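Undergrad: Keeping their order, the protein sequence lines are chains A and B.
The first sequence begins at 284 in this note's numbering and counts up by one.
The second sequence begins at 985 in this note's numbering and counts up by one.
Here it is: the structure, laid out below.
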Amino acid sequence: MEFTRREAPYGTPARSVPNMMLEVLAALVPAAAAHVWFFGPGFVFNLLVAILFCVGAEAATMRLRGRNPEEALSDFTAVVTAALLAFCLPSLTPWWVTATASLFAIVVAKHLFGGVGFNIFNPAMAGYVVVLVAFPIQMNLWVAPRMGDIDYEYLGVFETLAFTLTGALPESTTYDQVSRATPLDLMQSGLNQMRMVTEIRALPVMGDYAGKGWEWIGNFVALGGLWLLFRKIIRWHIPVAVLAGLLIPATVSYLLSPGTLPGPGFHLFAGASILCAFFIATDPVSAATSTTGRLVYGAGIGVSIYAIRTWGSYADGVAFAVLLMNLAVPAIDRLTRPRIVGHGRGDR
Amino acid sequence: MDWMTRLKTGLWEDNPGLVQLLGLCPLLAVTTSFVNGLGLGIATLMVLAGSNVLVSAARRFLSDEIRIPVYVLIIASLVTCVELSFKAWFPALDRSLGIFIPLIVTNCAIVARAELFASRNPVGPSLADGIGMGAGFLLLLCAIGAFRELLGTGTILGGLDKLIGGEPLAGIAVVDGGWLLAVLPPGAFFSLALAIALKNVIDRRNRATRATPAPRDAGRVAS
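Here is the structure:
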């Protein structure tokens, strides 16, 4: 008689992967709407290009690996990767930049390591870092938020679409006219020029905490994140640890030196902190698995984001922080292995 | 052990970069262009062939306890010769390779060949081994250098003036601009990984076409 051997985990998950991914996508919808509202239709075009290339690359690599493409496409992980990429990319991004990021994310970061469940790096962040390092100019084309009092020329839907497809701006328009520095860029360059935080915070694109528009997107992302928590798709450990790891050093250093270091509110709402805490760091594959491990992993990401923003040469450090901690996950999981019932604390 | 086998081992089957994964530091660091790869490859080839011959000739006089320091002395003197000749005849190439010419002393591919092959074999085969291994390393450096240069700056044979002298040459421009990442450190790791993967694919194809077809899942980790 032959016994079938099953490998851990033995419990049946309450919901399937496709179901989970669809809920993650649904939770991102309010934030996506806010993104389009404040930063124009570029987000939609980026998302479409990213989905096209992520899903295409997924199907092509599955075929190359001699597997059924449907198996991988039906779990929607490629679409989630595409959505996270679209959130990271500036609203004016030529299609080939998005395509490079998508192909790298799916082919190299995901399938070369064995496909979904085996990728040690978060695919979206790996793809984003590649284009961030490889195309520094294109990754700067953030437009100004649509909040009225900023002196700025907005590109129309068709002009944005034309830019996505060709990488060329309309005649008689320059990059300086359509792009604005992000709050994080302004803060970093301002501090490098020895200006005070209060002075930088008085600039027109700055809002109550970080940048106009950015705060609202942050709020909607947090709303989606809370929905995921409520639906028990993610657990609280990683988001709380990421935010604590980022905000505790930010608060302490702000209290010590309020003139030269931005405060916790700025760090919370600027860049991708909230998106990272709820949607990026919580990737079930590349994150740590034990409870203590999740706390360590999240805190590591938070502290790294703070360190990169404060001392690094890049304005935001979310992607680098996540990739660095992804590398540390095997060690974290090993060191925080839960005690086996019946064994003493010493035995491993 | 004839010459052809030694050469084939060095060039393909036991390629120091692709299979033994030795000497990766210079391999990853200088291969930003074909010319840089070629320059360091030639320097390594000369040192490796020379050190193999000298170590093999001296192998009867070396006691086990001091053999490694003696290898290092032999290699270091050869590297000094190569470095001085580069400075004399290819000053521009020497400047762009910088510290990596003197660092050939610490290239573990060279010490490994001295220890594993030259100290146990006569002078003839040792020379063949040195040339084979050196040529394998040289070709890999050139291939990765050319690949990264083409991707990163969009040129072929850029900076050839460092080797042949004369006016600065930009090389043949294939495309305008390039993919910056390829000439940055990550590009080096990606290129090496792709080269190793390519070698494994070719090896597997070759094995499959031979008499007994290898099982399809031979190399796959059980999951």
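Note that the Cβ used here is the ideal one computed from N, Cα and C, for glycine as well.
Source: prediction; values computed, not measured.
1. Specify the secondary structure class of THR1139 of chain B as computed by DSSP and reduced to three states.
2. Here's the rule I'm using: 16 or more other beta-carbon atoms within 10 Å means buried, otherwise exposed. How should GLU498 of chain A be labelled?
3. Does any residue of chain A bring its CB to less than 8 Å from the CB of LEU1176 of chain B?
4. Does DSSP put ILE521 of chain A in a helix, a strand or coil?
5. How many angstroms separate the CA atom of GLY600 of chain A from the CA atom of GLY397 of chain A?
6. Could you say which of B:ALA1102, B:ALA1076, B:VAL1014, B:LEU1068 lies nearest to LYS1036 of chain B if we only look at CA atoms?
7. When we look at the beta-carbon of ASN1091 of chain B and count the other beta-carbons within 10 Å, is it buried (16 or more) or exposed?
8. Tell me whether the segment 365-384 of chain A and the segment 572-587 of chain A touch, counting them as touching only if at least three CB pairs, one residue from each stretch, are closer than 8 Å.
9. Tell me, please, whether the CB atom of VAL332 of chain A is closer than 8 Å to any CB atom in chain B?
10. Kindly list the residues whose CB is nearer than 6 Å to the CB of GLY1114 of chain B, restricted to its own chain and excluding five residues on each side of it in sequence; keep chain order.
11. Within the 8 Å Cβ cut-off, does THR619 of chain A reach chain B?
12. Could you check the C-alpha separation between ALA1157 of chain B and LEU1165 of chain B for me, to the nearest Å?
13. Quick check on VAL413 of chain A - is its C-beta less than 8 Å from some C-beta in chain B?
14. Return the residues of the segment 1001-1035 of chain B that lie within a Cβ-Cβ distance of less than 7 Å from chain A, sorted by chain order.
15. Based on the DSSP secondary-structure assignment, which residues constitute the bridge partners of MET489 of chain A?
16. Which value, in whole angstroms, describes the spacing of the CA atoms of VAL300 of chain A and ILE516 of chain A?
17. For a contact defined as C-beta to C-beta under 7 Å, what are the partners of ALA417 of chain A on chain B?
18. Which residues in chain A have a C-beta closer than 8 Å to the C-beta of LEU1062 of chain B? List them in chain order.
19. What residues in its chain sit with their C-beta under 7 Å from that of PHE328 of chain A, if we drop five residues either side in the sequence?
20. Taking ASP1078 of chain B as the reference, give the member of B:ALA1096, B:LYS1146, B:LEU995, B:LEU991 with the closest Cα.
21. State the Cα-Cα distance for the pair THR1137 of chain B and ILE420 of chain A, rounded to the nearest angstrom.
22. Return the residue from the list B:ALA1072, B:TRP1073, B:LYS1071, B:LEU1038 that minimises the CA-CA distance to VAL1056 of chain B.
23. Whose Cβ in chain A lies nearer than 7 Å to the Cβ of LEU1168 of chain B?
24. Mind checking which residues open and close the alpha helix (DSSP H) that includes ALA1181 of chain B?
25. On the three-state DSSP scale, how would you describe ILE1156 of chain B?
26. Would you give the residue range spanned by the alpha helix (DSSP H) that VAL1039 of chain B belongs to?
27. May I have the straight-line CA-CA distance separating GLN1004 of chain B from ARG1051 of chain B, to the nearest angstrom?
28. Assign PRO1010 of chain B to one of two classes, buried (16 or more other C-beta atoms within 10 Å of its C-beta) or exposed (fewer than that).
29. Using 10 angstroms around the beta-carbon of ARG289 of chain A, count the other beta-carbons present and answer buried if the total reaches 16, otherwise exposed.
30. With a threshold of 16 other CB atoms inside 10 Å of the CB of LEU1022 of chain B, please say whether the residue is buried or exposed.
31. Cβ of LEU1144 of chain B within 8 Å of Cβ of LEU1134 of chain B?
32. When you compare each of A:ILE500, A:ASP468, A:ILE483, A:ASN475 to GLY323 of chain A by their alpha carbons, which one comes out closest?
33. Is ALA1192 of chain B close to chain A, meaning its C-beta is less than 8 Å from at least one C-beta of that chain?
34. Quick one: measure Cβ to Cβ for VAL362 of chain A and CYS337 of chain A, integer angstroms, because I've assumed they're closer than 8 Å.
TA: If we stick to the structure as given:
1. Within the second sequence, numbered from 1, the residue matching residue 1139 of chain B stands at position 155. Strand, per DSSP.
2. Sequence index remark: in the first sequence, residue 498 of chain A carries index 215 (1-based). The residue is buried, with at least 16 neighbouring Cβ atoms inside 10 Å.
3. Sequence index remark: in the second sequence, residue 1176 of chain B carries index 192 (1-based). Interface residue (Cβ-Cβ distance to chain A less than 8 Å): LEU1176 of chain B is not classified as such.
4. Within the first sequence, numbered from 1, the residue matching residue 521 of chain A stands at position 238. Note: ILE521 of chain A maps to helix in three-state DSSP.
5. By 1-based counting over the first sequence, the position of residue 600 of chain A is 317. By 1-based counting over the first sequence, the position of residue 397 of chain A is 114. Approximately 27 Å, taken between the alpha carbons.
6. Position 52 of the second sequence, counted from the start, is the residue given in the question as residue 1036 of chain B. Inspection of the sequence shows that residue 1036 of chain B is occupied by Asn rather than by Lys. In terms of Cα proximity to ASN1036 of chain B, the closest of B:ALA1102, B:ALA1076, B:VAL1014, B:LEU1068 is B:ALA1102.
7. To locate residue 1091 of chain B, count along the second sequence from 1; it is residue 107. With 16 or more other Cβ atoms within 10 Å, it is buried.
8. no
9. Stepping through the first sequence from its first residue, residue 332 of chain A is reached at position 49. Cβ-Cβ to chain B under 8 Å: no for VAL332 of chain A.
10. As a working mapping, residue 1114 of chain B is identified with position 130 in the second sequence. Contacts found: LEU1032, ALA1033, ASN1036.
11. On the first sequence, position 336 is the one that residue 619 of chain A refers to. Closer than 8 Å: no.
12. Stepping through the second sequence from its first residue, residue 1157 of chain B is reached at position 173. Stepping through the second sequence from its first residue, residue 1165 of chain B is reached at position 181. Straight-line Cα distance between these residues: approximately 18 Å.
13. Taking the first residue of the first sequence as position 1, residue 413 of chain A is located at position 130. Taking Cβ atoms only, chain B reaches closer than 8 Å to VAL413 of chain A, which makes this a yes.
14. none
15. Residue mapping note: residue 489 of chain A aligns to position 206 of the first sequence, counting from 1. According to DSSP, MET489 of chain A bridges with A:GLY494.
16. Along the first sequence, read from residue 1 onward, the residue named residue 300 of chain A stands at position 17. Along the first sequence, read from residue 1 onward, the residue named residue 516 of chain A stands at position 233. Near 10 Å, if we compare the C-alpha coordinates of ILE516 of chain A and VAL300 of chain A.
17. Residue numbering aside, residue 417 of chain A sits at position 134 when the first sequence is read from its first letter. Those are TRP1163, LEU1164, LEU1165, listed as they occur along chain B.
18. Along the second sequence, read from residue 1 onward, the residue named residue 1062 of chain B stands at position 78. Neighbours of LEU1062 of chain B on chain A: none; closest Cβ ~38 Å, over 8 Å.
19. On the first sequence, residue 328 of chain A is found 45 positions in, with the first residue counted as 1. Cβ within range, chain order: THR443, LEU444, THR447.
20. Working through the second sequence from its first residue, we reach residue 1078 of chain B at position 94. Nearest C-alpha to ASP1078 of chain B: B:LYS1146.
21. The sequence position of residue 1137 of chain B within the second sequence is 153, counting from 1. The sequence position of residue 420 of chain A within the first sequence is 137, counting from 1. Whole-angstrom Cα-Cα distance: 16 Å.
22. Here residue 1056 of chain B refers to the residue found at position 72 when the second sequence is read from its first residue. Closest by alpha carbon: B:LEU1038.
23. Within the second sequence, residue 1168 of chain B is the residue found at index 184, counting from 1. From the beta-carbon of LEU1168 of chain B, the residues of chain A found nearer than 7 Å are VAL416.
24. Along the second sequence, one-based indexing puts residue 1181 of chain B at 197. Taken as a continuous stretch (DSSP letters only), the alpha helix (DSSP H) holding ALA1181 of chain B covers 1169-1193.
25. Taking the first residue of the second sequence as 1, we reach residue 1156 of chain B at position 172. Residue state, collapsed to three classes: strand.
26. Start at 1 with the first residue of the second sequence, and residue 1039 of chain B comes out as number 55. That run of the alpha helix (DSSP H) goes 1018-1042.
27. By 1-based counting over the second sequence, the position of residue 1004 of chain B is 20. By 1-based counting over the second sequence, the position of residue 1051 of chain B is 67. Their backbone Cα atoms lie some 22 Å apart in a straight line.
28. Counting from 1 along the second sequence, the entry for residue 1010 of chain B is found at position 26. By the neighbour-count rule (16 or more Cβ atoms within 10 Å), PRO1010 of chain B is buried.
29. As a working mapping, residue 289 of chain A is identified with position 6 in the first sequence. Exposed, because fewer than 16 other Cβ atoms sit within 10 Å of the Cβ of ARG289 of chain A.
30. In the second sequence, residue 1022 of chain B corresponds to position 38, counting from 1. That one is buried.
31. Residue mapping note: residue 1144 of chain B aligns to position 160 of the second sequence, counting from 1. Residue mapping note: residue 1134 of chain B aligns to position 150 of the second sequence, counting from 1. No.
32. On the first sequence, position 40 is the one that residue 323 of chain A refers to. Measuring from the Cα of GLY323 of chain A, the nearest candidate turns out to be A:ILE500.
33. Sequence index remark: in the second sequence, residue 1192 of chain B carries index 208 (1-based). Chain A contact via Cβ: absent.
34. As a working note, residue 362 of chain A is residue 79 in the first sequence. As a working note, residue 337 of chain A is residue 54 in the first sequence. The Cβ separation is near 7 Å, so the contact holds.
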